[in-house]
Structure formats: structure tokens, C-alpha cells
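Undergrad: Pasting a structure here, questions to come.
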Amino acid sequence: MSVFGRSNCSAAAPEAELYDIFGVTHYAGDFVDPNTEAIVVVVLDDACPVVQQIVPTLIELHERYNGFAKDRGGRPTEFDKYPGDRVKFLGVYIKPDMGARRMAVHAAEMRLPFRVLHDSSLALIKHLGLTRLSQVAVLDRNWQVQYTGPLDDRNVQGAARPTASQHYAADAIDAVLAGQPVLTSRRPAVGCKIDFDPPAASTRDVTFYRDIAPLLQENCQACHREGEVAPMKLLTYQEVAAYAGMIEEVVLHERMPPFPGETSRTFANDDRLTDDERRTLLDWLRGGKVAGDPADAPPPLTWPERGEWRIGEPDLVFKMPEPMAIPATGVLNYFYIPVPVNGGKGFAEDRWIEAIETHPGDPKVVHHVQVHEYYGPVDRDPTALDQILIYGLGIESARLLGGYTPGNEEGNQLLLSRYLGDESAGKTAGIKLSKGANLMFEVHYTTNGTATFDQSEVGIRFADEQPDVELDSWFPFRSRADMVIPANVQNHSLQDLYHFGRATDGKPVLLHAIRPHLHSRGKSFRVELVDPRGITRAVMSDSSQHNLVRGEPILTVPVWDFDWQRFYQFEEPVLIMPDQALLATGYWDNTRHNPRNPDPNADVPWGQQTIQEMFNTLLLYEVLEPDDPRILARQKPAVAEVQR
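Heads up: the sequence shown begins at 1 in the numbering used here, then just goes up one per residue.
What follows is the structure, encoded as C-alpha cells:
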């Protein structure tokens with residue numbers, strides 16, 4: 001049942017349970033608001049060609065009735081023909097075992113501005129009498145079907161006309177809004193036929209000790225063991241079997257292992273389950289959880305002792321000045337803790353970091369630590385003005401040196417030469433730490449029911465001389481002045497353009513890694529490699545243009561999860577020429593249907609705390625000389641602008 005209750009659910013709505021992109025289960029009527037007068041349901045799929053063909057028309061239809069991607073809960077906008085939410089659009093997927101993540105990936109790729117759900121039981125589809133993918137149902141506010149069939153007459157079975165002459169769904173919506181009967185309530189459906197027979201159960205021979213234990217060692221036990229951040233251990237058959245239902249849910253929706261990002265390239269640190277591993281685990285969970293022969297089990301893994309430095313012995317170790325008391329319950333704000341170097345005088349000379357490792361004092365409550373270069377006062381907690389000294393006026397000059405995130409082993413032990421591509425094998429790499437710098441720990445804690453203390457630390461190993469490759473970080477941040485996420489908006493979007501040329505004297509760069517950042521109301525995030533000509537502030541301020549495909553999507557986070565903000569390392573660093581830039585697009589769901597939203601009725605400004613919002617991207621990059629041979633090796637034809 002929906003965690004939001006059923007206060008807005010029409011009594012006539014079907015008793016169909018659907019899950020959303022967050023993996024949260026709802027009833028069909030939960031998404032219909034008191035002022036909703038028409039409901040449009042369309043059956044979606046990530047492979048059926050007819051579905052892909054109708055998406056642009058579907059988006060235009062949503063724009064016509066709701067204003068582009070706004071869904072504003074009754075607030076008229078300049079784009080609206082009708083006040084928002086009088087017409088509610090719901091996209092419904094039905095593919096078995098698709099899971100929340102894969103549904104969200106397709107919705108993000110198609111730039112769908114309305115809510116999507118999954119009907120795993122086909123209860124809603126059967127109730128509406130839908131038989132083919134891409135089929136549309138138009139309903140009145142009482143969930144009575146007024147029309148089923150194709151969107152228009154453009155697609156016929158096996159063929160498609162260049163344009164449509166009859167707009168069946170739009171005509172039906174207009175009739176419902178006008179209180180008039182729909183002249184033709186049913187038309188022959190086109191699209192792939194829906195198979196209503198349940199899939200056959202797997203007959204694979206899968207056992208815990210032979211098949212599942214190695215998989216858990218490789219993908220899960222770094223966190224799911226004694227003393228680590230995960231809430232339960234997954235080391236033995238008994239421990240795993242006890243949580244089988246929960247494991248099935250998070251594996252189906254691909255919430256675990258946590259790696260939310262997608263890319264047109266390849267990530268070097270992608271630790272998701274492969275399709276075969278996912279299928280093996282689901283087959284075992286659904287097939288009786290057979291233990292098998294303990295003799296087939298792999299030997300137990302040996303884990304490093306707490307406090308052991310995996311980068312080797314550091315040259316210097318810096319610890320938070322005092323233990324931080326963490327209460328048993330509650331939501332805590334970020335802490336910004338100055339860590340003095342050399343009695344607060346900072347480093348006596350420029351140094352080069354070749355490796356840095358961050359240890360949480362109590363990993364059960366430390367959500368993340370970020371270690372920054374800092375030039376503000378070290379004898380007190382920093383004020384808002386002091387934080388400008390960390391980040392700069394636009395938070396663009398932040399120098400992130402290292403950090404800790406649960407399960408992110410490579411990022412927690414940052415050996416900088418690891419980020420170099422194969423063609424730079426054998427070279428040294430480092431980040432410059434400037435003379436006079438102290439350190440700042442930004443720490444986010446999550447309470448777990450037990451009061452505790454944390455005193456996190458960072459160990460740094462310095463290079464003896466300037467490294468072959470200087471890596472640097474950039475923290476471009478959208479202007480704070482006009483950043484407001486409106487209340488009760490389910491697909492609010494903002495854009496920003498990151499042009500390296502301003503900071504690199506017009507030289508090319510190689511982008512080695514990237515990490516986006518939003519807060520609790522975040523919905524999704526996209527970064528494209530683009531030709532910036534024509535992408536002005538005015539263009540980026542026009543949300544009707546945010547769904548245009550302008551370049552190569554080097555990073556897409558289809559479902560934003562504030563708890564898992566990963567650092568994405570490219571297997572082959574991305575070349576960015578001086579005439580190219582990165583276009584970032586963030587989406588927010590500031591409605592009651594976002595399970596992480598603390599208050600859907602609040603207009604949310606920029607702010608450091610999680611109840612406020614941010615929109616920024618951390619970039620780890622290397623500046624190239626114009627004659628660097630890696631430029632020619634990576635150059636690709638320019639990506640032309642394509643609309644939707």
C-alpha cells in the first residue's frame with residue numbers, strides 16, 4: 001500500500017498496486033488530485049518500436065494540457081491551456097522483472113515529463129481493457145473509461161504515416177473536460193501484443209554455497225559485515241535466508257548494490273550486478289533458497305582491520321579535533337569542521353597529494369565525509385561567510401581532496417594514478433595542496449537508533465616531487481540567486497553549462513571522474529557533452545527546452561538517491577575540447593509522491609542543508625597541451641542537435 005495513504009484515491013479507482021521509480025508501492029488512485037478531471041494512461045515499454053515512435057507526440061500532448069513538464073498541482077503557468085493537473089498522465093510499464101531502475105532509465109532516455117509506474121500484476125491494464133503496448137486509455141475523474149486505442153492515426157500495424165490527421169486521444173480528453181460524450185470510445189490498438197500469461201518459473205539449479213556465496217562476497221560483503229554501515233550481515237546462509245524478501249526487492253529494483261549512474265561510455269568503478277548475476281540471485285530467492293553442499297562454498301574473505309591504511313603508511317594523519325556526539329534518532333544537518341594544520345598556519349609550502357584515504361570514526365552513522373582545502377578560521381565553526389572561503393562566491397573554486405562514502409572502496413582510498421588511462425600507465429599523478437591551506441571536513445551523519453561518537457580522520461601520502469600529471473577538481477554550481485524548487489511540482493528542471501575554457505586558458509581537458517549533487521527532492525540528473533554555441537542563459541532558463549537532446553549523455557542518474565552519491569570514474573577519460581562544454585540538467589520532484597520529500601508544500605531555495613536544495617557537479621580533470629597525442633586518439637565527430 002502507498003506510504004501516503006489513500007486520501008486522494010477515487011472510490012472508483014481499481015485496486016491495482018503499482019510501484020514507482022523509487023520502488024515505492026501505490027494504488028492507482030493515489031496520483032489523482034481533487035481537481036483532476038481527466039486521466040490518461042498509456043502502456044509503455046523499452047523495446048516495442050511503436051512505443052518509441054509515439055513518445056514525442058505523447059510529450060506534446062502532456063505539454064498541451066499541463067504546461068511543459070510542470071504538473072503544478074493546480075497552479076496555472078504561462079504555457080498552460082488548462083490549469084495543471086486537470087489532466088493527469090500516467091505511463092505504465094508491464095515487462096516482468098523490469099524493476100524500478102530500468103523503468104526509470106527508459107523514462108529518462110525518452111525525457112518523459114510525467115509520472116511512470118509498473119503494473120507487475122497487470123491488474124490496472126486488465127481493468128482498463130488494454131491489450132497492446134502503446135495503447136492509450138482516457139478516463140474521467142471517476143475512473144470510467146471514455147476512450148481506448150491509439151494516440152492518433154499516424155501508426156497502423158506494421159507501418160507509420162509521416163503525420164497524423166486524426167488525434168483520437170486529444171479529442172477524447174477535450175470531450176471529457178467539456179463534459180461531452182466521446183464520439184468514438186474504442187479504436188483498434190496498434191503496438192506489440194501484451195502477453196497475459198505469467199512467465200514460467202525458473203528451473204535452474206542454483207544453490208547458496210556454489211552460486212550465491214561468491215556473488216555476495218564480490219558485491220555485498222564490503223558493507224554487509226560486522227562493524228560496517230549496512231544494517232545486517234550477509235555472510236552466512238542463515239543470515240541471507242532471513243532477509244530473502246528484502247533482498248529480492250532491492251535486487252529487482254536495482255537499489256543494491258548502489259550504483260545509480262548510467263553512461264554512453266563505460267565506468268571503471270561500475271559495481272552493479274551483471275544481468276546474469278541479477279537473474280541468478282532472483283532465481284535462487286524465488287526457487288526455494290536451496291542451501292546446497294557447504295563444501296562448494298568459497299573460503300571466507302579476510303577484511304582489513306579497522307584503521308588499517310590501504311594506501312600504505314601515510315605521511316600525515318589529520319583527525320577531527322573533537323569527537324562528535326551523534327544522537328540515537330533525528331535528522332542531522334551537515335557539519336563543517338575545520339581541521340588545523342601546523343597550528344592553524346596551514347601547510348608551509350605547496351605539496352602534492354599522491355594518495356589520500358579517509359576513515360570514518362563510526363561507519364555505522366557516517367553517511368559521507370568530504371575533505372576540502374580550506375583558508376578560513378580554524379578556531380570556530382564556520383559561518384556562511386566562511387563557507388564562501390571554502391567554495392568561492394559561486395562554489396566553483398572548491399578544492400575537494402578526498403572523502404569517504406560507504407561501499408565506495410576506490411574513492412575512499414584515492415590513489416590518484418588509478419585515474420589515468422592505459423596510455424598513461426607508469427606515470428605519476430597528484431593533486432596540488434597549496435601553501436597556507438588548512439583542512440575542512442564536511443560530514444553528513446545518519447542516525448541508526450543508537451547514540452554514539454564519531455571522530456573521522458584522513459591520511460595523506462605526499463609525492464617527493466611534482467607528479468607527471470596534475471589532476472584538479474572543479475565544483476561548478478548553478479547560481480543561487482534564482483534557484484527555487486516550487487512546491488507541488490513533480491518535474492521541475494534547471495540547467496547549467498560548464499565551460500572549462502574559462503579556467504584552463506583555452507586548453508583541452510580530459511575528464512576522469514564526475515559526481516553530481518542534489519538534495520532530498522532530487523528526481524534525476526543528466527550531463528551531456530555539447531557544442532555550447534546557442535546555449536545561452538535565456539535558453540537554459542526556458543524549461544520547455546530542457547528535454548531537447550543536445551549532445552552525448554556522458555552521465556545520467558535516472559533515479560536520484562540522496563543516500564548514494566557516487567563518484568563515477570570513466571574507464572577511458574572523456575576528452576573535452578575548448579569549443580565543447582558540459583550541459584547539466586537536474587530534475588526535482590517536490591510532491592508528496594517523492595518518499596524523501598520533507599515538505600511538498602514548501603518553495604525550496606538554495607541551501608547547504610538537506611531540507612534546502614543544491615545543483616552542482618564535482619569534476620576531476622586533467623589539462624592537456626594542444627599537441628597531446630591523446631587528443632587525436634579520442635576525437636569523435638560532433639554530435640548534432642536532435643530534438644527529443
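We treat Cβ as the ideally placed atom computed from N, Cα and C, and that holds for glycine.
Source: prediction; values computed, not measured.
How many angstroms separate the CA atom of His593 from the CA atom of Trp284?
TA: The residue given as residue 593 occupies position 593 in the sequence shown. The residue given as residue 284 occupies position 284 in the sequence shown. Trp284 has its alpha-carbon roughly 32 Å from the corresponding atom of His593.
Undergrad: Tell me the DSSP secondary structure of Leu61 in three-state form.
TA: For the purposes of this step, residue 61 is identified with residue 61 of the sequence shown, where counting begins at 1. DSSP places Leu61 in helix when its eight states are reduced to three.
Undergrad: Ignore the nearest five residues each way along the sequence and tell me which others in Val40's own chain have a CB closer than 6 Å to its CB.
TA: As a first step, residue 40 is located in the sequence shown; it is residue number 40 there, counting from the start. Hits under 6 Å: Phe89 and Val138.
Undergrad: Do you know how far the Cα of Thr405 is from the Cα of Pro363?
TA: The residue labelled residue 363 in the question sits at position 363 within the sequence shown. The residue labelled residue 405 in the question sits at position 405 within the sequence shown. Pro363 and Thr405: Cα-Cα distance of roughly 9 Å.
Undergrad: Measuring straight from C-alpha to C-alpha, what distance separates Ala438 and Leu400?
TA: Here residue 438 refers to the residue found at position 438 of the sequence shown. Here residue 400 refers to the residue found at position 400 of the sequence shown. In the sequence as displayed, the identity of residue 438 is Asn instead of Ala. C-alpha separation (whole angstroms): 12 Å.
Undergrad: State the beta-bridge partners of Met645 as determined by DSSP.
TA: For the chain, the structure presents residues 1 to 644; residue 645 sits outside this window and is missing.
Undergrad: Provide the residue span of the alpha helix (DSSP H) that contains Val539, from first to last.
TA: Counted from its first residue, the sequence shown places residue 539 at position 539. Where Val539 is concerned, the enclosing alpha helix (DSSP H) stretches over Arg537 to Met540.
Undergrad: Which value, in whole angstroms, describes the spacing of the CA atoms of Phe31 and Asp20?
TA: Taking the first residue of the sequence shown as position 1, residue 31 is located at position 31. Taking the first residue of the sequence shown as position 1, residue 20 is located at position 20. Distance between the alpha carbons of Phe31 and Asp20 is about 11 Å.
Undergrad: Going residue by residue through the segment 122 to 197, where are the continuous beta strand (DSSP E) segments of at least 3 residues, counting only ones entirely within it?
TA: 136 to 140 and 145 to 149
Undergrad: Report all residues from its chain with a CB closer than 6 Å to the CB of Leu301; omit the five preceding and five following residues, and keep chain order.
TA: On the sequence shown, position 301 is the one that residue 301 refers to. Closer than 6 Å at Cβ, skipping near neighbours: Gln217.
Undergrad: Put Leu632 into one of helix, strand or coil per three-state DSSP.
TA: Here residue 632 refers to the residue found at position 632 when the sequence shown is read from its first residue. Helix, per DSSP.
Undergrad: Look up Phe89 in the DSSP assignment and say whether it is helix, strand or coil.
TA: Locating residue 89 in the sequence shown gives position 89, counting from the first residue. Of the three classes helix, strand and coil, the one that applies to Phe89 here is strand, per DSSP.
Undergrad: Could you give the DSSP three-state label for Gly346: helix, strand or coil?
TA: Taking the first residue of the sequence shown as 1, we reach residue 346 at position 346. Of the three classes helix, strand and coil, the one that applies to Gly346 here is coil, per DSSP.
Undergrad: Leaving out five residues before and five after Val341 in sequence, what residues of the same chain have Cβ atoms less than 8 Å from its Cβ?
TA: Residue numbering aside, residue 341 sits at position 341 when the sequence shown is read from its first letter. Phe318, Phe347, Ala437, Asn438 and Leu439.
Undergrad: Could you give the DSSP three-state label for Asn219: helix, strand or coil?
TA: Walking along the sequence shown from the start, residue 219 turns up at place 219. Reduced to three states, the DSSP call for Asn219 is helix.
Undergrad: Can you give me the start and stop residues for the beta strand (DSSP E) that His517 sits inside?
TA: Taking the first residue of the sequence shown as position 1, residue 517 is located at position 517. It spans Val509 to His517 - the beta strand (DSSP E) in which His517 sits, taken as one unbroken run.
Undergrad: Decide if Gly73 is buried, meaning its Cβ has at least 16 other Cβ atoms within 10 Å, or exposed.
TA: For the purposes of this step, residue 73 is taken as the residue at position 73 of the sequence shown. Below a pLDDT of 50, predicted positions are generally treated as unreliable, and Gly73, at 40, falls in that range; no measurement from the model is reported.
Undergrad: Mapping the DSSP letters down to three states, classify Phe267 as helix, strand or coil.
TA: Position 267 of the sequence shown, counted from the first residue, corresponds to residue 267. In the structure shown, Phe267 sits in a strand (DSSP, three-state: E or B).
Undergrad: With DSSP as the reference, label Met324 as helix, strand or coil.
TA: The residue given as residue 324 occupies position 324 in the sequence shown. Reduced to three states, the DSSP call for Met324 is strand.
Undergrad: When the Cα atoms are used, what is the spatial distance from Gln490 to Pro595?
TA: Along the sequence shown, one-based indexing puts residue 490 at 490. Along the sequence shown, one-based indexing puts residue 595 at 595. Spanning the two alpha carbons is a distance of roughly 12 Å.
Undergrad: Identify, in the order they occur along the chain, each residue of the same chain with its Cβ nearer than 6 Å to the Cβ of Gln643, setting aside the five sequence neighbours on each side.
TA: In the sequence shown, the residue the question calls residue 643 occupies position 643. Residue placement at Gln643 cannot be trusted, given a pLDDT of 42 that sits under 50; the coordinates are not used to answer.
Undergrad: So if DSSP puts Pro605 in a beta bridge, which residue, or which two residues, is it bridged to?
TA: In the sequence shown, counting from the first residue as 1, residue 605 sits at position 605. Partner(s): Val484.
Undergrad: If you draw a straight line from the C-alpha of Arg498 to the C-alpha of Glu572, how long is it?
TA: Start at 1 with the first residue of the sequence shown, and residue 498 comes out as number 498. Start at 1 with the first residue of the sequence shown, and residue 572 comes out as number 572. For the record, residue 498 in the displayed sequence is Tyr; it is not Arg. Roughly 20 Å between the two C-alpha positions.
Undergrad: What separation, rounded to the nearest whole angstrom, lies between the Cα atoms of Gly449 and Trp606?
TA: In the sequence shown, residue 449 corresponds to position 449, counting from 1. In the sequence shown, residue 606 corresponds to position 606, counting from 1. Going from the Cα of Gly449 to the Cα of Trp606 covers about 30 Å.
Undergrad: Would Pro629 be called buried (16 or more neighbouring beta carbons within 10 Å of its own) or exposed?
TA: For the purposes of this step, residue 629 is taken as residue 629 along the sequence shown, with counting starting at 1. So Pro629 counts as exposed.
Undergrad: Counting Cβ pairs closer than 8 Å, one from the segment 615 to 628 and one from the segment 462 to 479, do we hit at least three?
TA: yes
Undergrad: Note down the Cα distance separating Ser202 from Thr57, rounded to an integer number of angstroms.
TA: Within the sequence shown, residue 202 is the residue found at index 202, counting from 1. Within the sequence shown, residue 57 is the residue found at index 57, counting from 1. So the alpha carbons of these two residues sit roughly 39 Å apart.
Undergrad: What residues match up with Arg210 in a beta bridge as DSSP calls it?
TA: Against the sequence shown, residue 210 aligns to sequence position 210. Answer is none; Arg210 lacks a bridge partner.
Undergrad: Can you check whether the CB of Glu254 is closer than 9 Å to the CB of Ala429?
TA: As a working mapping, residue 429 is identified with position 429 in the sequence shown. As a working mapping, residue 254 is identified with position 254 in the sequence shown. Not a contact, by the Cβ cut-off of 9 Å.
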